[in-house]
Amino acid sequence: MTVIKYIARGLGIGSTIYLISGLIYTSGAIQQQIFSILLLSVLLGVYPLIYLQEKLSLFTQALIHLGLSYFSFLGTAYLGQWFPMKIGIIVTASLTFFVIFIFIWFLYYHKEKNKIASLNKKLKLKKDNSLNS
């Protein structure tokens with residue numbers, strides 16, 4: 002898993018350098034697309050903060066996260082002219098978005114679930130050790 006993390010980090014750094022360079026050294030439609038990608042990336046990076054709202058159920062948090070992410074995707078796709086705004090293309094792009102979103106969401110869900118299980122196991126071990134002392 003460590004190699005995958007380093008690859009993901011490298012992709013993030015390389016993509017950021019490419020996008021910022023493209024934003025500075027290009028113009029017109031390419032610059033508009035790069036700006037829209039950067040805008041969407043910032044928004045998608047901020048939206049997971051909804052999971053810090055403990056008063057909301059996980060389902061509500063996920064629904065808000067999904068809604069904000071989806072409408073941001075559509076908005077930036079429109080502004081960046083990523084694809085023609087025709088119903089068939091919008092439906093296909095939307096389905097692609099939902100599949101990717103749900104896949105990534107489940108990866109994070111299982112990662113957090115495993116982290117909680119590990120913490121609970123350590124707490125139980127610590128508690129058992131203190132009772133036996």
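Take 2 as the starting number for the sequence shown in the working numbering and just add one per residue.
Cβ atoms here follow ideal geometry from the backbone N, Cα and C, with glycine treated the same way.
Item                                                                                                                                             : Value
Can you tell me the Cβ-Cβ gap for residue 34 and residue 76, rounded? I've got them flagged as a contact below 8 Å.                              : Their Cβ separation, rounded to whole angstroms, is 14 Å, which puts residue 34 and residue 76 out of contact at 8 Å.
Taking three-plus beta-carbon pairs below 8 Å as touching, is the stretch 94-104 in contact with the stretch 50-65?                              : no
Go to residue 64, then tell me how far its alpha helix (DSSP H) extends in each direction, as first and last residue.                            : 59-80
What's the call for residue 70, buried or exposed, on a 16-neighbour Cβ count within 10 Å?                                                       : buried
Could you give the uninterrupted runs of the beta strand (DSSP E) lying entirely in the stretch 23-53, keeping only those of 3 residues or more? : none
Rounded to whole angstroms, how far is the Cβ of residue 78 from the Cβ of residue 84, which I believe are closer than 8 Å?                      : 6 Å
Would you mind stating whether residue 20 and residue 41 have Cβ atoms separated by less than 8 Å?                                               : no
With H, G and I counted as helix, E and B as strand and the rest as coil, what does DSSP make of residue 83?                                     : coil
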